[in-house]
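In full-length UniProt numbering, the protein residues as written are 1 to 555.
For glycine and all other residues, C-beta sits at the position ideal for the given N, C-alpha and C.
The structure presented is a predicted model; accordingly, all values stated were derived computationally and were not measured.
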Amino acid sequence: MGYHSRDLLLLTTRPTDWLVYIIAATFLVCLVHYAVGLFLFHRCNRSRGGLRAPPLVPSLFPVWGSFSFGMIFNPREWALTSSNLFGNSFPVRARFLANDVYIFQGAKNIHPFLRQKDLSSFNLHGFLLDRAFGLPAAAVKAYAKDDSGAYPKPHPESKVEPRNRVEFQLERSLQRFLLGPGLNPLARRFQTAIAQHFHTLPIGSDWVACDNFVAFYEQELTAPFLNCLCGDYLLRAHPDFLTNRWAFENNIWWMIFGLPRCLAPRAYRARDGALKALKDWHVWARDNFDPAAVNADGDDPIWGSKFFRERKEIFDTIDGFDLDAIATHDLAFIWGTTNNSIITSFWTAVETYKDSNLLAQVRQEAQACLIIESEAGGSGPPQFNMEKLLQQPVLQAIYAETLRLRISGYLVRHHSHGDIEIEGWRIPNNHLILTSPMNAHMDPEIWSHKEHPVDEFWPGRFLRPAANGSGAAWEFTTEMAQGAWIPYGGGYHACPGRHFAKMMIIFATALMTTMYDCEILADPKDMVMSMRNFGFGMSGPKGKVPVRIRRRTHW
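Encoded structure:
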């Protein structure tokens with residue numbers, strides 16, 4: 001009887017019924033999976049003593065984990081609203097499509113994480129150079145083999161030859177140039193080049209329409225910077241280099257996702273054009289370099305800064321580094337030194353010009369730092385006492401607030417020499433660890449003001465009344481941030497270009513507002529931050545930003 005009943009049940013069950021049963025069973029499994037995960041998550045958080053593993057963030061789907069399409073289509077909003085991932089006061093483990101990532105948030109967790117000398121972004125850099133910048137396979141292998149670390153003394157388990165220590169040699173080269181003796185000569189050349197370029201722009205005292213202020217900065221600020229960085233041959237021989245550089249920037253994610261050339265022709269065409277120009281510059285510089293033309297700072301008119309000349313000597317000793325690999329690294333360096341500083345300079349100018357009171361304060365601070373040379377007769381570009389300019393409170397506050405409000409991305413680290421301990425938490429070998437500056441910068445408990453919500457641009461967050469007798473109305477401070485202002489990361493692997501970037505942004509803002517009037521004519525919807533190149537720091541606007549500009553007759 002039982003067999004007949006079972007057979008009858010099977011025969012009378014419709015396919016749609018089976019579908020309902022499967023869906024119900026799947027839903028039940030997911031609910032049980034989430035409930036168990038939630039229990040384990042809170043139990044791990046309550047445990048005390050000993051070395052602990054960060055708890056796994058509970059999720060409905062076992063393999064899918066915490067993955068969301070919001071990560072792709074609206075990544076900034078996703079990060080700011082995913083409190084289960086980025087809103088915890090303790091480190092957590094998140095699973096994305098079966099891959100585990102460790103997340104550290106909150107100042108008490110972020111700073112120990114950033115201070116870890118054994119963590120590095122080297123693997124990520126190698127991945128980006130391969131996918132986005134087209135690093136040749138032989139050079140990719142050199143990256144994969146280098147497990148020696150970024151410090152003078154290699155890791156004890158490493159067998160890499162000293163000449164093939166890619167991470168250490170690149171790190172040391174960058175720090176010498178951007179933090180060491182190369183910084184001041186570069187800064188002086190930049191200030192002279194930018195001031196002269198802005199002075200000779202074909203803009204008179206009558207209003208001139210500009211259909212996109214972003215493109216203005218991408219061209220007029222990047223061109224003189226590149227000339228002082230690597231001489232004038234590159235742009236003189238390849239005037240389309242800047243167009244290719246910014247087209248590459250705006251399409252970089254297509255290459256990171258691994259799209260073939262037929263599906264992203266513009267991205268690959270721009271990258272190929274930029275790399276071809278850089279290779280031509282290298283050949284020309286090698287053939288035309290004259291040691292007698294090197295100045296006291298070590299720079300020369302052919303290579304520009306000695307950084308490229310010295311770095312080529314390093315690359316020539318590393319296995320697998322041919323001319324293509326060198327050009328790839330040069331493109332990555334030029335991209336890295338311009339993508340954030342140029343767009344940040346654009347935003348500081350926009351926010352300043354939009355607010356007449358703020359504009360007046362900026363011009364007052366810039367005026368106080370002007371160097372008046374009677375011999376020039378007022379016919380040359382303005383010159384500033386840079387040491388004094390970089391200490392002006394309102395200019396610093398605009399710079400800091402722009403970075404707080406508009407930085408988009410993550411600080412990602414990796415460790416490949418065994419498990420690591422961070423403040424009592426054990427992180428297993430070969431896993432990504434990250435933190436989100438966005439969440440720290442947009443924390444209402446730290447940054448909100450009763451009249452100025454956290455998502456509003458307000459430089460007053462970084463200002464406080466100056467002490468009596470100082471002669472100033474305000475002074476710049478980051479004390480209220482409680483360690484939550486981290487646009488450049490921190491620790492040994494903090495962005496080496498942070499000092500130059502600050503100088504560049506403040507100087508460009510002071511120079512532009514001193515020399516020109518500007519009216520912002522953009523529609524507010526076009527001023528929303530674009531997610532087109534999310535993840536690499538400063539996000540530009542979603543649409544074009546039309547303006548009109550005129551030269552000021554008096555400073």
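Query                                                                                                                                                                                        : Result
So, does the segment 273 to 285 touch the segment 238 to 251, judging by three or more C-beta pairs under 8 Å?                                                                               : yes
Roughly how many whole angstroms lie between the Cα atoms of F507 and Q391?                                                                                                                  : 11 Å
Would you call the segment 304 to 311 in contact with the segment 200 to 212, where contact means no fewer than 3 C-beta pairs closer than 8 Å?                                              : no
What first and last residue would you give for the alpha helix (DSSP H) that runs through E233?                                                                                              : Here the sequence assigns Tyr to residue 233, which means Glu is not the residue at that position. Element bounds for Y233: Y233 to A237.
Where does N184 land, buried or exposed, given buried means 16+ other C-beta within 10 angstroms?                                                                                            : exposed
With DSSP as the reference, please indicate the residues paired to N99 in a beta bridge.                                                                                                     : F96
May I ask you to report which of helix, strand or coil DSSP gives S374?                                                                                                                      : Because the pLDDT at S374 is just 42, under 50, the model does not fix this residue reliably, and the value given afterwards should be weighed accordingly. The answer is helix: DSSP assigns S374 an H, G or I state.
What whole-angstrom Cβ distance do A79 and G483 have, given they're in contact under 8 Å?                                                                                                    : Contact flag wrong, Cβ pair sits at about 19 Å.
Within the same chain, show all residues whose beta-carbon is closer than 8 Å to that of residue 588, passing over the 5 residues directly before and after it, in chain order.              : This structure cannot speak to residue 588, because the chain is shown only from 1 to 555.
Please name the residue, chosen from R311, F289, P91 and I326, that lies closest to I427 on a Cα-to-Cα basis.                                                                                : P91
How far does the alpha helix (DSSP H) with F476 in it extend, from its first residue to its last?                                                                                            : F476 -> not in any alpha helix (DSSP H); beta strand (DSSP E) instead, spanning W474 to F476.
If you follow the beta strand (DSSP E) that V412 is part of, which residue opens it and which one closes it?                                                                                 : L411 to H414
Would you identify the three-state DSSP class for P326, choosing helix, strand or coil?                                                                                                      : Rather than Pro, the amino acid found at residue 326 in this sequence is Ile. Of the three classes helix, strand and coil, the one that applies to I326 here is helix, per DSSP.
Using the DSSP secondary-structure output, state which residues sit across from Y516 in a beta bridge.                                                                                       : R551
For the segment 396 to 410 against the segment 432 to 441, are there 3 or more C-beta pairs whose distance is under 8 Å?                                                                     : yes
Considering just the uninterrupted stretch of the beta strand (DSSP E) at I433, what are its terminal residues?                                                                              : L432 to T435
Taking the DSSP output, what are the residues bridged to W425?                                                                                                                               : R52 and I422
Quick check: the segment 387 to 403 against the segment 106 to 124, are there 3 or more CB pairs under 8 Å?                                                                                  : no
Return the CA-CA distance between M529 and D290, expressed in angstroms with no decimal places.                                                                                              : 46 Å
Determine the direct distance from the alpha carbon of A24 to that of S59, and round the result to whole angstroms.                                                                          : 18 Å
Going by DSSP in three states, I302 sits in which element: helix, strand or coil?                                                                                                            : coil
Tell me C210's beta-bridge partners as DSSP assigns them.                                                                                                                                    : V547
Quick one: residues in its chain with C-beta nearer than 6 Å to the C-beta of L405, no 5 flanking neighbours on either side, listed in chain order?                                          : F457
Would you call M538 buried or exposed, if buried means 16 or more other Cβ atoms sit within 10 Å of its Cβ?                                                                                  : buried
Could you say which of F346, L226 and Q396 lies nearest to K544 if we only look at CA atoms?                                                                                                 : F346
How is the alpha helix (DSSP H) around L114 delimited, first residue to last?                                                                                                                : A107 to L114
Under 8 Å by Cβ, that's how I've got S356 and M504 pegged, so tell me the actual separation to the nearest angstrom.                                                                         : Contact flag wrong, Cβ pair sits at about 25 Å.
Do you know how far the Cα of M255 is from the Cα of R131?                                                                                                                                   : 6 Å
Below 8 Å on the Cβ atoms is my guess for W284 versus Y233; work out the distance and round it to an integer in Å.                                                                           : 6 Å
In this structure, does DSSP put residue 558 in helix, strand or coil?                                                                                                                       : The chain is shown only over 1 to 555; residue 558 falls outside these bounds and no answer can be derived.
Give every residue of the same chain whose Cβ lies closer than 7 Å to the Cβ of residue 557, excluding the five residues on either side of it in the sequence, and list them in chain order. : Here the chain covers residues 1 to 555 and nothing more, so residue 557 does not appear.
How many Å lie between L85 and A53 at the Cα?                                                                                                                                                : 16 Å
How would you write the range of the alpha helix (DSSP H) that I75 sits in, first residue to last?                                                                                           : In the sequence as displayed, the identity of residue 75 is Pro instead of Ile. Residues P75 to T81.
Give the secondary structure of L19 by DSSP, where H, G and I count as helix, E and B as strand, and everything else as coil.                                                                : helix
G320 by DSSP, collapsed to three states: which one?                                                                                                                                          : coil
Is DSSP giving F536 helix, strand or coil here?                                                                                                                                              : coil
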